[in-house]
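Chains as they are written, first to last, in the working numbering: chain L, 14 to 120; chain G, 327 to 445. No residue lacks a Cβ here, since even glycine has one placed at the ideal position from N, Cα and C. What follows is a set of notes on a single structure, which appears directly below.
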């Protein structure tokens, strides 16, 4: 199985700040990488697929990048509603696997 | 609009069988694949398996032969059945729709059902 490692596990940032979350795959996943946002008590919501494609309705302050084994999610101009847990997920090879999550809080 | 809703028990006894139903609306099970993902309390997400739009299935080998996924297209329902439950099967169980052109990417999720395995 492909292992997905996210960093950091938790992150504290101020409103308006730019934050970056990293995701490392155990092998090349050829940009088959998705990012999800999960608010407390809610189900995950798809933010980005194929490493850098924004899902419909997702604010443009979210962006994804990366290739090979290394990927990142960037949030520009952090808003209060961005407080969530963020998960990366590889969809290159079954079983589809997720990173351990990054908990984003406001400073 | 696209919706998925899981229904199932809150509590299951140790070694017993879990059965959860995912009822979908706004799309056809013969067009889209539906997956099952679970999340233990305070932990990450684990893909369990899928029902393909053509009627086939795929399972995470981590669940060996404990897991079975089936469907009733006439009722727009997908079923998860898992036997020999242990305490570490305590989790919220989600069904999710796969994006049409991107295998393994999930664009709509149900609200999930929290299942506790009790001894």
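heavy atom of the ligand GTP below 7 Å from residue i C-beta
i	result
residue 402 of chain G	Absent from the structure shown: the ligand GTP. Ligands present: none.
Contacts around residue i, its chain only, beta-carbon distance under 7 Å, and the 5 residues preceding and following it disregarded
i	result
residue 356 of chain G	379, 399
residue 43 of chain L	105
residue 68 of chain L	59, 60, 61, 62
residue 327 of chain G	352
Residues near residue i by beta carbon distance below 6 Å, same chain, minus five either side
i	result
residue 337 of chain G	442, 444
residue 13 of chain L	This structure does not reach residue 13 of chain L, given that chain L is present from 14 up to 120, and the question cannot be answered.
residue 350 of chain G	330, 402
residue 365 of chain G	371, 417, 418
residue 334 of chain G	346, 439
residue 385 of chain G	375, 393
Selection from the options that minimises the alpha carbon distance to residue i
i	options	result
residue 430 of chain G	G/438, G/365, G/358	G/358
residue 80 of chain L	L/31, L/72, L/25, L/35	L/35
residue 20 of chain L	L/92, L/120, L/72, L/113	L/113
residue 438 of chain G	G/389, G/367, G/395, G/384	G/367
residue 17 of chain L	L/72, L/55, L/85, L/32	L/85
residue 382 of chain G	G/332, G/432, G/395	G/395
residue 78 of chain L	L/70, L/96, L/50, L/87	L/87
Nearest-angstrom Cα separation, counted from residue j out to residue i
i	j	result
residue 377 of chain G	residue 397 of chain G	8 Å
residue 435 of chain G	residue 57 of chain L	7 Å
residue 341 of chain G	residue 409 of chain G	7 Å
residue 22 of chain L	residue 116 of chain L	6 Å
residue 52 of chain L	residue 25 of chain L	16 Å
residue 393 of chain G	residue 27 of chain L	44 Å
residue 15 of chain L	residue 76 of chain L	23 Å
residue 65 of chain L	residue 406 of chain G	32 Å
Assumed close pair residue i, residue j - CB separation to whole angstroms, cut-off 8 Å
i	j	result
residue 374 of chain G	residue 360 of chain G	Residue 374 of chain G to residue 360 of chain G, Cβ: 11 Å. No contact.
Query raised in the report: Is it true that the segment 386-404 of chain G meets the segment 25-41 of chain L, where meeting means three or more beta-carbon pairs spaced less than 8 Å apart?
Result: no
Query - Three-pair Cβ contact test at 8 Å for the segment 417-425 of chain G versus the segment 105-118 of chain L - result: no
Requested in this report: Spell out a yes or no on whether the segment 407-416 of chain G and the segment 94-102 of chain L are touching, meaning 3 or more CB-CB pairs, one atom from each, closer than 8 Å.
Outcome: no
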